[in-house]
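A short write-up of the structure that comes next.
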Amino acid sequence: VDVLRAMRRFTPEAVRDNTVRGQYGAGWIEGKQVPGYREEEGANEQSNTETFAAIKFFVDNWRWQGVPFYLRTGKRLHRSASVITIQFKDVPHFIFPTETAETRRQNRLIINIQPEMSIRLQVQAKRPGVDMVLNTVDMVFDYKGTYVAQAPEAYETLLLDVMLGDQTLFMRGDQVEEAWDLVMPILSTWQNRLSQNFPNYSADAWGPEAAEALVAKDGYHWFTIPLDTKK
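Position in the sequence shown (first residue = 1) + 14 = our numbering.
As structure tokens, this is what we get:
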């Protein structure tokens, strides 16, 4: 709750500069043509309902001040997955020679939540040999590869917790209220500024091009999800 309260609220100008919305159009998934959102059964042919959002957040507290948090989510994307990627800042002093700068990458911690659960730490290591060349190597904990027993489905755990009276995985009332207080200015601004370019991404894409521009203007890019399972 404290983190939600510390998250920077959105003005109409901030919504314009730090959010992207989208709606999927027709496309191809696994060799099969699929309709766009407006062609779906029961959908309004002129619908401005969003099926995609990319947002840049800030948490204004001492720990996270100035650190951008990028979130994207949507329907009919290239893959169905929940992934958290943490990119670590560069240290002031780099121990490797300057000629390794072209191959050097920042270390990352990648947490896969679904469809498979795993934790992947990507670090830089010197390639064997006399040349000073760095490669990204992975240290991986894979839940399925480590444990033979099948993990329960998400709703199985929640329903069991309901019967046991365990509220650990449930949101508190004030947490829900803070979350809505954070996103309502975004939704209100979008409602007052109806999109004129829907649909703006095809089914099986990663979203509209504007979502790429949202992070590119800060010198970043969306990370490719390291999963083999496709939607």
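We put the CB at the ideal spot given by N, CA and C, even for glycine. Computed from a predicted model, the values in this text were never measured in an experiment.
If we ignore side chains and look at the alpha-carbon of each, how far apart do residue i and residue j end up?
i      : j      : result
Met21  : Tyr84  : 13 Å
Ala227 : Ile69  : 12 Å
Arg23  : Val197 : 8 Å
Gln205 : Gly159 : 46 Å
Arg90  : Ala67  : 12 Å
Glu55  : Val48  : 12 Å
His92  : Gly41  : 11 Å
Trp78  : Thr99  : 16 Å
Gln37  : Ala225 : 12 Å
Glu170 : Val176 : 10 Å
Return the residue from the list the options that minimises the CA-CA distance to residue i.
i      : options                           : result
Val247 : Phe237, Val97, Glu192 and Ser94   : Residue 247 lies beyond the range of the chain shown here (15 to 245); nothing can be said about it.
Gly233 : Gln189, Gln101, Glu53 and Ala163  : Gln101
Gln128 : Met153, Arg118, Leu148 and Ser94  : Ser94
Glu64  : Val190, Arg207 and Val154         : Arg207
Glu59  : Pro199, Thr33 and Gly50           : Gly50
Glu27  : Asn149, Pro106, Arg141 and Ser202 : Ser202
Val137 : Gln79, Asn121, Ile125 and Val17   : Asn121
Asp104 : Ala219, Ile43, Arg119 and Arg186  : Arg119
Ala57  : Leu174, Asn214, Gly39 and His235  : Gly39
Asp156 : Gly143, Asn126 and Ala168         : Asn126
Pro222 : Val144, Arg86, Thr171 and Val97   : Arg86
Asn211 : Asp175, Arg52, Val162 and Val190  : Arg52
Report back the beta-carbon spacing between residue i and residue j to the nearest angstrom; my notes put them in contact at under 8 Å.
i      : j     : result
Ser209 : Asn75 : That pair is no contact at about 33 Å.
The beta strand (DSSP E) spanning residue i covers which residue range?
i      : result
Met153 : Leu148 to Asp156
Thr99  : Ser96 to Gln101
Ser132 : Ser132 to Lys140
Ala28  : Unbroken run through Ala28 is the alpha helix (DSSP H), Pro26 to Asn32; no beta strand (DSSP E).
Leu18  : Leu18 -> not in any beta strand (DSSP E); alpha helix (DSSP H) instead, spanning Asp16 to Ala20.
Ala68  : Phe66 to Phe72
Pro128 : Pro is not the amino acid found at residue 128; the sequence shown has Gln there. Arg122 to Gln128 is the extent of the beta strand (DSSP E) around Gln128.
Gln1   : A query on residue 1 cannot be resolved here, the shown segment of the chain reaching from 15 to 245 and no further.
Trp42  : Gly41 to Ile43
So residue i is in the alpha helix (DSSP H); what residue range does that whole segment cover?
i      : result
Arg86  : That residue, Arg86, is in no alpha helix (DSSP H); its beta strand (DSSP E) goes Pro82 to Gly88.
Gln205 : Gly187 to Asn206
Leu172 : Ala168 to Leu178
Val229 : Glu223 to Ala230
Apart from the five residues on each side of it in sequence, which residues of its chain come closer than 6 Å, Cβ to Cβ, to residue i?
i      : result
Arg134 : Ile124, Asp152 and Val154
Phe3   : Coverage of the chain is limited to positions 15 through 245, which leaves residue 3 absent and any answer about it impossible.
Can you name, in chain order, every residue of its own chain whose Cβ lies under 8 Å from the Cβ of residue i, other than the five neighbours on each side?
i      : result
Asp188 : Val15
Val29  : Pro199, Ile200, Thr203 and Trp204
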